[in-house]
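Asks: Numbering (my numbering), first residue to last: 103 to 408. From the three backbone atoms N, C-alpha and C, an ideal C-beta is built for every residue, glycine too. Once you've had a glance at the structure underneath, I'll fire off some questions.
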């Protein structure tokens, strides 16, 4: 075993383990808040779904890849492979669209126009899941129907399984999945730029005076906006790098397994480490909620002692 393979195995295992623990910890944290009758903010609702999509990506991509790099190759048949690819596509699509929703929502929240979107947040997230279940199912159904047709141009090897592909299927995937992802990325860049511009103008306007009607440097809105900008920036950085590596792989005739492995690890960086960024910068409202829960528990304990 050479150093490169050992490094890939250790990094893949560490990345997958961190992703599972991180995402499920954040989901459990918000579940505890909700079960204790703490009202979640719209940004918290979106973040729960971002972490749920990330967990789906880790379980459907990170776990099989980790098993494969440790020597257990092609343990899934073609149908299970395509079903797993469907789950991977669903997680990836929901992740990028919910992060886009989070970025746009926060940009509109801090904008001077004060657009009211709180009551539509849950419905938007629900529609995203339903829409991408249907969209990814279209591609999945095509690959299943096309399985016995002799127009498969090549087999794509994922390590843990392999699946046939053809030009029509690739075009269908590009139309239904890749093009919307590019659109959402552009929207995220625009909304992030808008948030930066709004915060900069506000800072210039009230540099030494705290505004009671707008944002102040220590206000919850300011901090939440900063945290969302960090999260979105990290996502865009890893997504852009992963997309660039994918293009490089597509234009290389022979399989460069080092480049393939680097791309796989890069594509899992945000789902694995995004939750830890969120833990370090979670919303101030949730902190107040947690404090309210603690005070409530202390009050109940005090009353029971009486």
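1. CB-CB under 6 Å to residue 258, same chain, minus the five flanking residues each way: which ones, in chain order?
2. Please work out which residues of its chain come closer than 6 Å, Cβ to Cβ, to residue 283, disregarding the five sequence neighbours upstream and downstream, and give them in chain order.
3. Using a Cβ-Cβ cut-off of 7 Å (strictly less than) and excluding sequence neighbours within five positions of residue 490, which residues of its own chain qualify?
4. For residue 256, write down the residues that DSSP places opposite it in a beta bridge.
5. Between the C-alpha atoms of residue 271 and residue 150, what's the straight-line distance to the nearest angstrom?
6. Helix, strand or coil: how does DSSP classify residue 350 here?
7. Entirely within the segment 206-250 and at least 4 residues each: give me those alpha helix (DSSP H) ranges in chain order.
8. What are the boundary residues of the alpha helix (DSSP H) that residue 152 is part of?
9. Which two residues bound the contiguous alpha helix (DSSP H) that contains residue 359?
10. Do you know how far the Cα of residue 127 is from the Cα of residue 418?
11. Rounded C-beta distance between residue 334 and residue 290? I'm assuming under 8 Å.
12. For the 8 Å Cβ check, are there 3 or more pairs between the segment 369-377 and the segment 340-352?
13. Counting C-beta neighbours from all protein chains within 10 Å, is the total for residue 280 16 or more, i.e. buried, or is it exposed?
14. Please classify residue 273 as buried or exposed, where buried requires at least 16 other C-beta atoms within 10 Å of its C-beta.
15. Could you check which residue in 360, 123, 144 and 380 has the C-alpha nearest to that of residue 224?
16. Report all residues from its chain with a CB closer than 7 Å to the CB of residue 244; omit the five preceding and five following residues, and keep chain order.
17. Count the other CB atoms, across all protein chains shown, that sit within 10 Å of the CB of residue 190; report buried if there are 16 or more and exposed otherwise.
18. Buried or exposed: which applies to residue 116, given that a residue is buried once 16 or more other Cβ atoms fall within 10 Å of its Cβ?
19. Could you pull out every residue in the same chain whose Cβ sits closer than 8 Å to the Cβ of residue 246, ignoring the five residues on either side in sequence?
Replies: Straight from the coordinates:
1. 265 and 267
2. If we look at residue 283 and ignore the five residues flanking it on each side, its Cβ neighbours are 198.
3. Because the chain in this structure spans residues 103 to 408, residue 490 falls outside the shown range and cannot be described.
4. Per DSSP, the beta-bridge partners of residue 256 are 267.
5. Their backbone Cα atoms lie some 32 Å apart in a straight line.
6. helix
7. With a minimum length of 4 residues, the continuous alpha helix (DSSP H) runs that stay inside the segment 206-250 are 223-247.
8. That run of the alpha helix (DSSP H) goes 144-159.
9. Its alpha helix (DSSP H) spans residues 359-369.
10. Since the first and last residues shown for the chain are 103 and 408, residue 418 lies out of range.
11. The pair is a contact, with the Cβ atoms about 6 Å apart (cut-off 8 Å).
12. Note that the segment 369-377 touches the segment 340-352; at least 3 beta-carbon pairs, one per stretch, sit closer than 8 Å.
13. exposed
14. exposed
15. 144
16. 271 and 274
17. buried
18. exposed
19. 181 and 184
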